[in-house]
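Per the numbering used here, numbering of the sequence shown is gapless, rising by one per residue and ending at 287. We treat Cβ as the ideally placed atom computed from N, Cα and C, and that holds for glycine. What follows is one structure encoded as structure tokens, with my remarks underneath.
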Amino acid sequence: MGIYEESDSFDGTIVVLHPASAPHVVNSGGVLEFEEDSSIVLPAQKQLKDAVVSALNDFRDLKKLAAIYVEWRLRIEPAHNVEFPATYVVRLVGAGVTTSEVEGFRAAARFVFRDLLPQSLLGEPEDEHLLSTKEKKFLRTLSRGIAAKFANRSIKQGVMVRFGFEDLSGATVQGVMPALTVEQKALGTVRATGRPLGFDEQKSTVTLWVTPSSSDDDTPELEGRTEILCHDLEFLRVFARAYANRSLVKFQAVSQQDARKQKTVLTLLELAAVAVDPAESFNLQLG
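Here you go:
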């Protein structure tokens, strides 16, 4: 695989992501040497990049821009005066990309982060007029999905999000992320008890056999085999212990609409183990 030169005739940069604090890096004869792997890309940095790229691709599909694409690159700048030599760059590329389209996608990127970041960090929404009412409605659903994915998570190493290279202030994603608000719960919440069947840490999902559940007026009751998104490592530990001990868990999950897949998804908000009589632990429900 070779290295090729890319044309710099047009800057279609939408979002730039890099660690909030400069890493320890040495420029040794034009070669960058990093102290740790995490100095190059933080886990939260990658997750935020994946979230915004997915959202912007959905936005592109909504606008039916067949000749335009959203791409991302890990950008390395081997210069002595670059504070953040490794950054994620999300761009708009393709034949006929215009400055106004790039500005529209930057407005969309700000919009999808609005439920994750305090409005004060994003600044005044001076570019919201670039988005139609239909586009805002669509992006609001995507924004809620991103907020749900990061809700209550603790991000220890901050990630800087900038909307284009000329955005010198940007917003830092760090600390405990906002909890889901009532508005963001959208379709409602559900409380239930279930027996762990398995989990996938890489995909951030858990699978349970759920007993009949209680829910609010708008959410169907859960029963049987159910897959739920789980983005909290402590929840995964509790779930893994319950799975190993063949015990039950009780949980609360939020039900939301996935705009891209057009289906309802569940995300864990609360999870706790339930003590079970050892004499009954062998009596498993089969699906």
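Asked, Found
"For Gly-158 and Ser-21, which I take to be in contact (beta-carbon distance under 8 Å), what is that distance rounded to the nearest angstrom?", "7 Å"
"Taking Glu-35 and Pro-23 to be in contact with their CB atoms under 8 Å, please state how far apart those CB atoms are, rounded to whole angstroms.", "7 Å"
"Shortest alpha-carbon distance to Arg-144 belongs to which of Val-26, His-129, Ala-51 and Val-31?", "Ala-51"
"Report the option in Val-93, Leu-48, Asp-58 and Lys-49 whose CA atom is closest to the CA atom of Tyr-69.", "Val-93"
"Where Ser-169 and Leu-42 are concerned, what is the direct C-alpha to C-alpha distance, given to the nearest angstrom?", "20 Å"
"Using alpha carbons as the reference points, say which of Leu-268, Gln-47, Val-31 and Val-25 lies closest to Ile-40.", "Val-25"
"For the beta strand (DSSP E) that contains Gly-175, what are its first and last residues?", "171 to 176"
"By the 10 Å Cβ neighbour count, where 16 or more other Cβ atoms means buried, how is Phe-10 classified, buried or exposed?", "exposed"
"By how many angstroms is the C-alpha of Gly-29 removed from the C-alpha of Cys-230?", "45 Å"
"When the Cα atoms are used, what is the spatial distance from Gly-12 to Asn-27?", "28 Å"
"Roughly how many angstroms separate the alpha carbons of Phe-105 and Lys-203, rounded to a whole number?", "28 Å"
"Runs of 3 residues minimum, wholly inside the segment 53 to 106: which ones carry the beta strand (DSSP E) assignment?", "68 to 76 and 86 to 94"
"When DSSP labels each residue in this structure, what does Leu-233 get in the three-state scheme?", "helix"
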